[in-house]
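Asker:
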């Protein structure tokens, strides 16, 4: 298992939640397909919402990955990275290719992040993220030991003294 940047792990989880939310309970594939179609046409026209998860959602059912190891390596860095290298590791066929080309041309940095997010979402067993839950972060933390004194410092108290 390879560790990925925490923001990519977060975005991948968010994409899963977004998909589940749009599908609903019980799942309504018609709503899902309408959302996919609307996003794809917006991005293909050169517009669309400038949001990693919306782009990932538009791509997730259409994108194919040619270099999984390369995409995992790119997932180490959220900001920056080489968009062209990522674009070379994925593609879309048919009508979705127009959307893919427009995304990569109009929003290269965001498209890079969206492609990697879609990859991570589709391949959850290839990567692992650090546990950033509050439970994990608070483990071995006995509280804020540095500032245990409950008293007010003289500097703070003097701020409120009236000068005459």
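In the working numbering, the protein residues as written are 6 to 169.
C-beta: ideal position from N, C-alpha, C; glycine also.
Just so it is clear, the structure is predicted and the values come from calculations on it, not from any experiment.
Going by beta-carbon coordinates alone, are residue 125 and residue 63 separated by less than 9 angstroms?
Answerer: Result no, Cβ atoms of residue 125 and residue 63 do not sit closer than 9 angstroms.
Asker: Grab me the residues of residue 133's own chain with a C-beta within less than 8 angstroms of its C-beta, minus the 5 sequence neighbours each way, in chain order.
Answerer: Within the same chain, residue 133 has close Cβ partners 6, 7, 8 and 9.
Asker: Within the 9 angstroms Cβ cut-off, does residue 123 reach chain C?
Answerer: Included in the structure is just one protein chain, with no chain C present.
Asker: Do residue 119 and residue 60 count as a contact pair if the criterion is CB distance below 9 angstroms?
Answerer: Yes, Cβ-Cβ distance for residue 60 and residue 119 is below 9 angstroms.
Asker: Tell me, which residues are paired with residue 96 by DSSP?
Answerer: 69.
Asker: So, for residue 69: in the same chain, excluding its five sequence neighbours on each side, which residues have a beta-carbon less than 8 angstroms away from its beta-carbon?
Answerer: Closer than 8 angstroms at the Cβ level, and outside the excluded window around residue 69, lie 95, 96, 97 and 98.
Asker: For residue 87, name the three-state secondary structure that DSSP assigns.
Answerer: Three-state DSSP puts residue 87 in coil, outside helix and strand.
Asker: Per DSSP, which one or two residues make a beta bridge with residue 133?
Answerer: For residue 133, which the question treats as bridged, DSSP gives the partners 8.
Asker: Mark residue 195 as exposed unless 16 or more other C-beta atoms lie within 10 angstroms of its C-beta, in which case mark it buried.
Answerer: Since the first residue of the chain shown is 6 and the last is 169, residue 195 is not available in this structure.
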